[in-house]
Amino acid sequence: MVFNKAALLSALSLAAAVQAAPAASGGLPCDLYASGNTPCVAAHSTTRSLYSAYNGPLYSVVRASDSHTTNIGVLSTGGVANAATQDSFCAGTTCKIKVIYDQSGRGNHLSLAPPGGAAGANVLADAAAAPITVSGHKAYGVYIAPGMGYRNDQTNGVATGNQAEGMYAVLDGTHYNDQCCFDYGNAETSNTDTGNTHMEAIYFGNNTYWGSGAGVGPWALADLENGLFSGYNPKQNTGDPSISSRFVTAIVKGDSSNLWALKSGNSQSGGLTTGYSGPRPAGYYPMNKEGAIILGIGGDNSNFAQGTFYEGVMTSGYPSDATENAVQANIVAARYQA
Numbered sequence: 001m002v003f004n005k006a007a008l009l010s011a012l013s014l015a016a017a018v019q020a021a022p023a024a025s026g027g028l029p030c031d032l033y034a035s036g037n038t039p040c041v042a043a044h045s046t047t048r049s050l051y052s053a054y055n056g057p058l059y060s061v062v063r064a065s066d067s068h069t070t071n072i073g074v075l076s077t078g079g080v081a082n083a084a085t086q087d088s089f090c091a092g093t094t095c096k097i098k099v100i101y102d103q104s105g106r107g108n109h110l111s112l113a114p115p116g117g118a119a120g121a122n123v124l125a126d127a128a129a130a131p132i133t134v135s136g137h138k139a140y141g142v143y144i145a146p147g148m149g150y151r152n153d154q155t156n157g158v159a160t161g162n163q164a165e166g167m168y169a170v171l172d173g174t175h176y177n178d179q180c181c182f183d184y185g186n187a188e189t190s191n192t193d194t195g196n197t198h199m200e201a202i203y204f205g206n207n208t209y210w211g212s213g214a215g216v217g218p219w220a221l222a223d224l225e226n227g228l229f230s231g232y233n234p235k236q237n238t239g240d241p242s243i244s245s246r247f248v249t250a251i252v253k254g255d256s257s258n259l260w261a262l263k264s265g266n267s268q269s270g271g272l273t274t275g276y277s278g279p280r281p282a283g284y285y286p287m288n289k290e291g292a293i294i295l296g297i298g299g300d301n302s303n304f305a306q307g308t309f310y311e312g313v314m315t316s317g318y319p320s321d322a323t324e325n326a327v328q329a330n331i332v333a334a335r336y337q338a
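Heads up: the sequence shown runs through residues 1 to 338, numbered per the UniProt record's numbering.
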């Protein structure tokens, strides 16, 4: 075996950079979850740090002209993305988002989703398709069109079986469709449908084949496999509101008891609305979560939906309402603007 010193140093540097930042009092979303004793086990964002002491890469892009890649970091520790790095690297050509790094230090990075039971190969997202500003600085979201998706089937620390977890995502409230399934969360490790209870993920869109909320949508729903749910009733829960904001915070959480909750809110102002909190739908307890992480697709690689992702986390344990309220306040304070 040939010893490649440069490659080893590069790998060690990246590993050190993405170690979890220590928890702080208050601070950014994963600091808040840690303070609430429900720490992040996955933290993904192309727009900003999710720990106040994080200073590593947020994501990497691959350039069409020569297939070279570069990491996109933050402007400062605990800060927003350095979009100028992407703009300079991709000038005169196009770039795709190759990897979305896990800021938690557990290595739960997201990369191109493999083929699965419902669809074949995916393609990477256009790195420049979703420009916004965060705290007054330019940043890019992950613009998912049909046929795109990211996944990690070999995770570390993500809930399995009937273990408790929580998750949130900040999404584009105007970019969606009625297809399956624009998800972020816990899914099968086989890329196939292994049955009810084997998923627990946020869904965003206006699909009504399974369940729906109030009005005509779009809604934040829970994908529990073989069903998109707004509550206990598998068809409709009018307590789960349609979304009309440009940026939306969506939350799904499930306890080890027969309890789960669904929340949503405007990422630019105000608090969270609880669309549902109560028992799981019939046939969905106990859970059999498998611990893979998906973005933009369903658990069996159903890749027919669309949406835009800016940030999201998954936790160990069932977060309190107080913690989630603090996280929502931090998201509002981040000043997402189109």
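Positions of the beta carbon are idealized from the N, C-alpha and C atoms, including for glycine. Treat the numbers as computed from the prediction; the structure is a model and nothing was measured.
Could you check how far apart the C-beta atoms of residue i and residue j are, in whole angstroms? I think they sit under 8 Å.
{"i": "I331", "j": "T274", "result": "So it is not a contact: roughly 17 Å between Cβ atoms."}
{"i": "T189", "j": "G117", "result": "Actually they are not in contact, since the Cβ atoms of T189 and G117 sit about 13 Å apart, beyond 8 Å."}
{"i": "I97", "j": "G307", "result": "The Cβ separation is near 14 Å, so there is no contact."}
{"i": "N156", "j": "A292", "result": "In fact, because the Cβ distance is near 12 Å, the residues do not count as touching under 8 Å."}
{"i": "F182", "j": "Y209", "result": "With a Cβ gap of about 14 Å, F182 and Y209 do not count as contacting."}
Short check: CB of residue i to CB of residue j, under 8 Å?
{"i": "Y318", "j": "G166", "result": "yes"}
{"i": "V313", "j": "Y33", "result": "yes"}
{"i": "V80", "j": "N55", "result": "no"}
{"i": "I93", "j": "A119", "result": "Just to set this straight, residue 93 is Thr in the shown sequence, not Ile. No, the pair does not count as a contact, with Cβ atoms beyond the cut-off."}
{"i": "N301", "j": "T197", "result": "no"}
{"i": "P39", "j": "T238", "result": "no"}
{"i": "P146", "j": "N303", "result": "yes"}
{"i": "L295", "j": "L110", "result": "yes"}
{"i": "P218", "j": "Y176", "result": "yes"}
{"i": "E311", "j": "R48", "result": "yes"}
{"i": "V170", "j": "S267", "result": "yes"}
{"i": "K78", "j": "Y59", "result": "The sequence given here places Gly at residue 78; Lys does not occur at that position. Not in contact: G78 and Y59 (Cβ atoms no closer than 8 Å)."}
When you compare each of the options to residue i by their alpha carbons, which one comes out closest?
{"i": "A130", "options": "T323, P114 and C95", "result": "C95"}
{"i": "S244", "options": "T174, A113, S230 and R63", "result": "T174"}
{"i": "A53", "options": "A84, V41, Q103 and D223", "result": "Q103"}
{"i": "L221", "options": "G195, N258 and C180", "result": "C180"}
{"i": "D66", "options": "L58, D178 and C90", "result": "C90"}
{"i": "G205", "options": "M199, N186, A187 and S230", "result": "S230"}
{"i": "N226", "options": "V158, G299, V170 and G278", "result": "G299"}
{"i": "L212", "options": "P234, E200 and A201", "result": "In the sequence as displayed, the identity of residue 212 is Ser instead of Leu. Ranking P234, E200 and A201 by Cα distance to S212 puts P234 first."}
{"i": "D223", "options": "Y276, N258 and N186", "result": "N186"}
{"i": "Q154", "options": "M199, R106 and D31", "result": "R106"}
Residues in the same chain with beta-carbon distance under 7 Å from residue i, minus the five sequence neighbours each way, listed in chain order, please.
{"i": "Q328", "result": "T249, G265, G271 and L272"}
{"i": "L112", "result": "N122, L124 and Y150"}
{"i": "A338", "result": "I132 and R246"}
{"i": "S320", "result": "G36"}
{"i": "Q86", "result": "V61, I72, C95, A127 and Y140"}
Just to confirm my understanding: we take residue i, look at its own chain, exclude 5 residues before and 5 after, and list those with CB closer than 6 Å. What are they?
{"i": "W260", "result": "G254 and R280"}
{"i": "A164", "result": "D255, S256, G317 and Y318"}
{"i": "P115", "result": "A121"}
{"i": "G195", "result": "none"}
{"i": "P286", "result": "N162"}
{"i": "A20", "result": "Summary for A20: the model assigns pLDDT 43, below 50, so the residue's position carries little reliability; its value from the coordinates is reported in the next sentence. S104 and G105, listed in sequence order."}
- Query: In the stretch 56-123, which residue ranges form an unbroken alpha helix (DSSP H) of at least 4 residues, counting only runs that do not cross its ends?
  - Reply: 83-89
- Query: Which runs of the beta strand (DSSP E) spanning at least 3 residues fall entirely within the stretch 170-247, listed in chain order?
  - Reply: 183-187, 200-205 and 219-223
- Message: My parser needs the alpha helix (DSSP H) runs of 4 or more residues fully inside the stretch 266-338; what are they?
- Response: 321-333
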